[in-house]
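Colleague: Sending over a structure as structure tokens; questions will come in a sec.
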Amino acid sequence: VPSFADDVAMALVEEELGQPWQNVYSELSPSPIAAASLGQVYKGRLKENGDLVAVKVQRPFVLETVTIDLFIIRNLGLALGKFPQAS
Numbered sequence: 567v568p569s570f571a572d573d574v575a576m577a578l579v580e581e582e583l584g585q586p587w588q589n590v591y592s593e594l595s596p597s598p599i600a601a602a603s604l605g606q607v608y609k610g611r612l613k614e615n616g617d618l619v620a621v622k623v624q625r626p627f628v629l630e631t632v633t634i635d636l637f638i639i640r641n642l643g644l645a646l647g648k649f650p651q652a653s
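Plus 566 on top of the position in the sequence shown (first one is 1) and you've got this note's numbering.
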């Protein structure tokens with residue numbers, strides 16, 4: 567799965583932190599080290615103690631997307647349940 571825009575990811579990080587990421591991290595990788603269907607991961611270093619950390623960022627609108635997917639799967643399952651089973 568391709569990554570989403572880094573500026574969007576950084577805005578999400580700052581929204582969650584309630585402050586600029588530079589106040590919490592001394593370093594944050596400019597691009598993700600991994601990306602998947604639910605989000606992506608950046609490498610960071612905490613300002614407080616220098617620990618190396620993984621900063622996971624959830625994809626925008628992932629909750630809405632997963633909710634719709636589950637709705638479709640559930641309804642498909644209900645519809646398929648109306649057909650008789652093959653013997």
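From the three backbone atoms N, C-alpha and C, an ideal C-beta is built for every residue, glycine too.
1. If you reduce the DSSP assignment to three classes, tell me which class Ala616 lands in.
2. Check whether the region 637-648 and the region 591-598 touch, using three or more Cβ-Cβ pairs below 8 Å as the test.
3. Have a look at Glu581 and Trp587 and give me their C-alpha separation to the nearest angstrom.
4. To which residues of the same chain is Gln606 closer than 8 Å at the C-beta, ignoring the five residues directly before and after it?
5. What did DSSP end up calling Ala577 once you bin it into helix, strand or coil?
Modeller: In short:
1. For the purposes of this step, residue 616 is taken as residue 50 along the sequence shown, with counting starting at 1. Rather than Ala, the amino acid found at residue 616 in this sequence is Gly. Residue state, collapsed to three classes: coil.
2. Too few Cβ pairs lie closer than 8 Å, so no.
3. Counting from one through the sequence shown, the residue named residue 581 turns up at place 15. Counting from one through the sequence shown, the residue named residue 587 turns up at place 21. Spanning the two alpha carbons is a distance of roughly 9 Å.
4. Working through the sequence shown from its first residue, we reach residue 606 at position 40. Shown here for Gln606: same chain residues with a beta carbon closer than 8 Å to its own, the five before and five after excluded, namely Ser569, Phe570, Ala575, Pro598, Ala600, Lys622, Val623, Arg625 in chain order.
5. Locating residue 577 in the sequence shown gives position 11, counting from the first residue. In the three-state reduction of the DSSP assignment, Ala577 falls in the helix class, which pools H, G and I.
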